[in-house]
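Residue numbers (my numbering): 89 to 297. Report on one structure; see the data block that follows.
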Amino acid sequence: MAPVTARLKSCPEGPPKRLTIVLNLFMPVILLAACAARAQMPTYSNVGRTPTAEEIRAWDFAIGVDGKELPPGKGTAKDGAPIYARKCARCHGATGEEGPLMRLVGGKGTLTSMTPLRTVGSYWAFATTVWDYINRAMPPDEERSFTADEVYALTAFLLYRNGIIAESDVMDAKTLPKVQMPNRNGFIPQRIEEIPDARKRGCRLGHCP
Ligand code: HEC
């Protein structure tokens, strides 16, 4: 293995970590290539170009659960009702409860039953994520076609129909993150210390009764 050690020393930053195991098996040829690859990585010469700020904005529009990235704008359930009737009802039902496709309203208290109905009201943990989902994905044949005001209004309509906010409550970048979704604490976090009342509830090894 002498040559391997020698080559390792000659690669100034050491080989990339993922390759180490392979290197121990396959010796210096690969190691030399790994050194070369690493040395070239930061420059990216002759590969594409730096994206413009506008190009980055075009795909960098995800809204996190805390809603920090929410854009200016506002809407109420009243504003959302006519948009919903025009753009959503054909798939999700006139009130959101009928379908034919995924039901968005109702299902409260069914998650622990033998026939759970997962809707925005019964299942979703964050109102901000509902905004993000509508904004990026709905309707499926016209996604990303709404203004921010329209997305606030549609989100408000679904929250209102699920009995979470009032019909005239204004949803905007400040109020939406404050909405408490009924199933907010229904998900089991990865770490047991993040589970509210884990001890009281008798949670063990990721399972809470
Ligand atoms: C052409 C049919 C169609 C139309 C119109 C449509 N949707 Fe959907 N929607 C779907 C389908 C299909 C899904 C499930 C997608 C999946 O799970 O991959 C879905 C899922 C959703 C979900 C997530 C439901 C969940 O619990 O996972 C929301 C919220 C939603 N739609 C809102 C809307 C809103 C608001 C509109 C109107 C602006 C709309 N949809 C218009 C077909 C449609």
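Using N, Cα and C, we set each Cβ at its ideal position, and we do this for glycine too.
Using beta-carbon positions only, say whether residue i and residue j come within less than 8 Å of one another.
i           : j           : result
residue 243 : residue 222 : yes
residue 293 : residue 219 : no
residue 259 : residue 240 : yes
residue 207 : residue 194 : yes
residue 274 : residue 192 : no
residue 270 : residue 210 : yes
residue 246 : residue 267 : no
residue 154 : residue 265 : yes
residue 188 : residue 261 : no
residue 184 : residue 224 : no
residue 238 : residue 171 : yes
residue 213 : residue 272 : yes
residue 166 : residue 233 : no
Mapping the DSSP letters down to three states, classify residue i as helix, strand or coil.
i           : result
residue 196 : coil
residue 260 : strand
residue 187 : coil
residue 292 : strand
residue 209 : coil
residue 163 : strand
residue 171 : helix
residue 232 : coil
Buried or exposed for residue i, please, with buried defined as at least 16 other CB atoms from any protein chain shown within 10 angstroms of its CB.
i           : result
residue 295 : exposed
residue 190 : exposed
residue 164 : buried
residue 173 : exposed
residue 254 : exposed
residue 182 : exposed
residue 151 : buried
residue 138 : exposed
residue 287 : exposed
residue 168 : buried
residue 149 : exposed
residue 215 : buried
Identify the continuous alpha helix (DSSP H) that holds residue i and give its terminal residues.
i           : result
residue 223 : 215-225
residue 241 : 236-249
residue 177 : 177-180
*Taking only runs of the alpha helix (DSSP H) that begin and end inside the region 131-156, which ones reach a length of at least 4 residues, in chain order?*
Uninterrupted alpha helix (DSSP H) stretches at least 4 residues long and entirely within the region 131-156 occur at 141-147, given in chain order.
*Please go through the region 261-285 and give each complete beta strand (DSSP E) segment of 3 or more residues, from N-terminal end onward.*
none
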